[in-house]
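As structure tokens, the structure follows; a few thoughts come after it.
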Amino acid sequence: MQTSGSKPCSCPSFKLREVASMYFTMIAVFLVILVVALQGSAPRGSDFPYKVPLDPQGLLELSWNVSYPKQAVHFQLLIRNLQFGLLFGMSDRGKFENADLAVLWSDGRNSYFGDAWSDAQGQLHMDSQQDYQLLGKWKAPEGLYLLFRRAFSTCDPKDYLIEDGTVHLIYGILDKPVHSLQDINISAIHRGLQRVQLLKPNITIPKLPSDMKTMEITAPDIVIPSQETTYWCYMTELPHGFPKHHIVMYEPVITAGNEVLVHHMEVFQCAAKFDSFPHYNGPCDSKMKPERLNYCRHVLAAWAMGAQAFYYPEEAGIAFGGPGFSRYLRLEVHYHNPLIFKGRRDSSGIRLYYTATLRRHDAGIMELGLVYTPVMAIPPGEDAFVLTGYCTDKCTQLALPAAGIRIFASQLHTHLAGRKVVTVLSRDGRERQVVNSDDHYSPHFQDIRMLKEVVPVFPGDELITTCTYNTEDRSRATVGGFGTLEEMCVNYVHYYPQTQLELCKSAVDPGYLHRYFNLVNRFNDEEVCMCPQVSVPQQFYSVPWNTFNRDVLKSLYSFAPISMHCNKSSAVRFPVCTVQLSKAQDKADPSGLRAGSWSCWGNAGGSRTLSPALVLRTTWPEPPWLCPAGFVRSELHLPEAVWRLLSISAGLAPEPRRSARWVLGFWQSTSGPSRESTLLSASVQPPNAVTRQNVKDKGL
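Residue numbers (the UniProt record's numbering): 1 to 700.
And the structure:
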């Protein structure tokens, strides 16, 4: 299990450990709960700052703390109404197959504790390396407490690697005696999952102002619908003339008894361009919900189960009220009611702490990732389809102050097909820092997460957001958009000082997508309708998803020019060029063309106007070009994805042989190994064509 993203272990090999232990753990670690002694220093009950209910009935309550110096997590598990044991553990997506487990069970006379794992069929096995370390147990009026420890990384391939981001916790309750792990049938026990962020950052709580006031934005004593999932929307408004304040922290307000039902909550600011918004109190997906509420999308506060209070840095606060701020706010509460409780009333929400003593900086929220558009689509039946959105260097060069900005928090967001999300900071063409990453992302667990360290971003930096999707359960393409069954790829980054830049996102150039549909028409028996009245989603729905069409779409998204959206809060774009090409490299063929970023400057080197003009910035493979500025005709072996893109661009049939060469015509504006060249033409030549030649004249 410790594979994805895991760092090389300095531990002895697994076989050496097996030899050293001689499987003594198979017996010795069946610790009899009645006689267990403390193994090392155990934290006190007050030392567990994080807490979450595991099951809908509240029978299991987990508390934990994180020790970064010791690279370990201490768990305190409260079991109310213990029967004959339980299973607790972690797995990639919350399944009981291929899971890492701590098991407490009883044969009716004695109780035992051990580290176990489950195979692909869900059969339990005792682990030869015991990494869940039982530290103590005690009984209290409320139930039985277990205290145990687990290292982040154990060097055991059967163990789950505890990483930053979402962790899927699983549990199962044993209601009858069992004599061995093999007797446990996981399909027959009461079980479930809970999602948390285990590795919370160690953040020093900033000093709060003395004139701080509070405002609660809560649901008005609603009746929670008797269905498993409900998103409830409630509109509220600030008083007339409410002056500018700074929000400096916020925390959840949960109605007592509903802790297991309130899954997550968000407060959205409405668009200031509207003078008023209709009042509404009801399900967010109701047909009765006013259409204008869709303009209340600017996240002001967000909380998810297991999260604590959110604090802004001492030098910044989020602006609240005053000129340019809408008086109208929308509360959205996600209720998770799998046991279908009826008649539960709720007044949960979020408590805002704000001050009239403004801090040095206004904090801002910026959207990174992909534009909400159907041109970005995922074929059906994909287990890990990747889409990437760019906030380019040209946008940050224009929009950010010379001193840069500081990102201190982040909220990742996709819809139901999202599985992984990561945003990286790139500077001078090199990846410098991961801003936020979640390799076990779930769309059902989204909160604003404080970063372990503030990330500085300067003019000319790039912010690249990549999302991975799974559509194995879908029969037609999933397009980008606002619908639940459509997709998004977004990172809402919280930063200071606030700038005019509110949205820095991209999408593939629609013209190149049109060429893709043309290509599908030419090389497939089934026709994709290109009629003007047919929408992009309908065209995607009619694509026959064979291997060729899937691979060419992947190539298009990896290498085609992109449309850049570099928007102010007024939705007006900064004056940057709208066509770029994503950075990529054919790792299977390092000697191939290394694609740089493409820009639509339109005039190459000030010497010639081109329509359309694509400028390729790249470092060419050895031997470097030493040609003077002028027209250059070059023949290169190209990575497969690049020649597929050129097939689409030039309207040519894709050459199926990797040995085929393309003759590319460039207008070269500078000399040296790193240069700008404008692609003028592209054509296919047989494999025995001349390898490279320079042409002095300015025509083909």
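Beta carbons are placed, not taken as given, at the ideal position from N, Cα and C, and that holds for glycine.
Nearest residue (CA-CA) to residue i, options the options
i	options	result
LEU556	PHE523, SER535, ASP509	ASP509
VAL520	THR499, GLN538, VAL552, LEU412	VAL552
GLY114	LEU87, ALA99, ASP92, PHE96	LEU87
MET212	GLY317, THR230, SER128, GLN76	GLY317
LEU124	TRP105, PRO239, SER506, GLY192	TRP105
ARG418	HIS168, CYS467, LEU463, GLN76	Residue 418 is actually Gly in this sequence, not Arg. Looking at the Cα atoms, CYS467 is the closest of the given residues.
ARG327	LYS244, THR218, ARG195	LYS244
GLU266	GLY349, ASP159, PHE341	GLY349
ALA477	GLU462, SER542, GLN498	SER542
VAL534	LYS505, ARG359, PRO374	PRO374
ALA188	LYS137, SER475, PHE96	PHE96
GLY511	ALA560, TYR469, GLN538, THR392	ALA560
ILE562	SER437, GLY389, ASN470	GLY389
GLY108	VAL178, PHE277, GLY58, ILE464	VAL178
CYS566	PHE548, LYS505, VAL536	LYS505
CYS270	LEU238, LEU134, VAL253	LEU238
VAL253	ASP156, GLY58, THR357, ALA219	ALA219
ASP285	ALA309, THR484, PRO157	THR484
ASP47	LEU135, VAL66, TYR112, ALA301	VAL66
LEU146	SER111, MET564, THR465	SER111
ALA304	ASN294, ARG344, LEU261	LEU261
ASN546	PRO537, GLN539, ASN524	ASN524
Bridge partners - residue i, DSSP secondary structure assignment
i	result
ASP55	BP columns for ASP55 are empty, so no partner.
residue 710	Absent from the structure is residue 710, since the part of the chain shown begins at 1 and ends at 700.
HIS74	ASN65, ARG149
VAL421	ASP438, CYS467
HIS263	The partner list for HIS263 (beta bridge, DSSP) is empty, contrary to what the question assumes.
TYR311	MET249
GLY364	TYR495
ARG432	According to DSSP, which records beta bridges pairwise, ARG432 is partnered with nothing at all.
ASP346	ILE222
TYR557	DSSP lists no partner for TYR557.
LEU501	LYS568
THR229	HIS336
TYR50	TRP64
GLU487	GLY480
GLN269	HIS298, LEU329
GLY317	ASP362
GLY369	VAL490, LYS505
HIS125	TRP117
PHE96	Partner(s): none; PHE96 has no beta bridge.
THR236	LEU329
Start and end residues, alpha helix (DSSP H) containing residue i
i	result
ASN546	No alpha helix (DSSP H) holds ASN546; DSSP gives it neither H nor E.
ASN567	No alpha helix (DSSP H) contains ASN567, which is instead part of the beta strand (DSSP E) from 561-568.
PRO510	510-522
Boundaries (first-last residue) of the beta strand (DSSP E) holding residue i
i	result
TYR354	349-355
ARG406	405-413
VAL103	100-106
SER111	111-118
HIS168	167-173
ALA304	298-304
ASN81	No beta strand (DSSP E) contains ASN81, which DSSP labels as neither H nor E.
VAL457	449-457
LEU329	328-336
ASN281	281-283
VAL196	190-196
GLY136	133-140
Residue-chain proximity (residue i, chain B), Cβ-Cβ < 8 Å
i	result
PRO278	Any reference to chain B falls outside this structure, which holds one protein chain only.
Practice task
Check whether the segment 477-497 touches the segment 358-374, taking contact to mean three or more Cβ pairs, one atom from each stretch, closer than 8 Å.
Solution key: Verdict: yes, contact present.
Would you call the segment 206-222 and the segment 242-251 in contact, with 3 or more CB pairs under 8 Å?
-> Contact between the segment 206-222 and the segment 242-251 is present, with at least three C-beta pairs closer than 8 Å.
Q. Per the contact definition of three or more C-beta pairs closer than 8 Å, is the segment 230-241 in contact with the segment 276-293?
A. Judged by pairs of C-beta atoms under 8 Å, the segment 276-293 touches the segment 230-241, as three or more such pairs exist.
**Asked** Is the segment 122-138 close to the segment 54-64, with three or more CB pairs under 8 Å?
**Response** no
Does the segment 168-179 come into contact with the segment 80-95, if we say contact requires no fewer than three beta-carbon pairs (one atom in each stretch) closer than 8 Å?
yes
key: Sufficient close CB pairs (3 or more, under 8 Å) joining the segment 289-299 to the segment 337-354   = no
Any chance the segment 439-446 sits against the segment 384-400, with 3 or more Cβ pairs inside 8 Å?
No, they do not touch.
| task | Tell me, please, whether the segment 141-158 touches the segment 60-77 by the rule of three or more beta-carbon pairs shorter than 8 Å. | result | yes
Notebook entry, point to check: Between the segment 493-504 and the segment 399-410, do three or more beta carbon pairs fall short of 8 Å?
Noted result: yes
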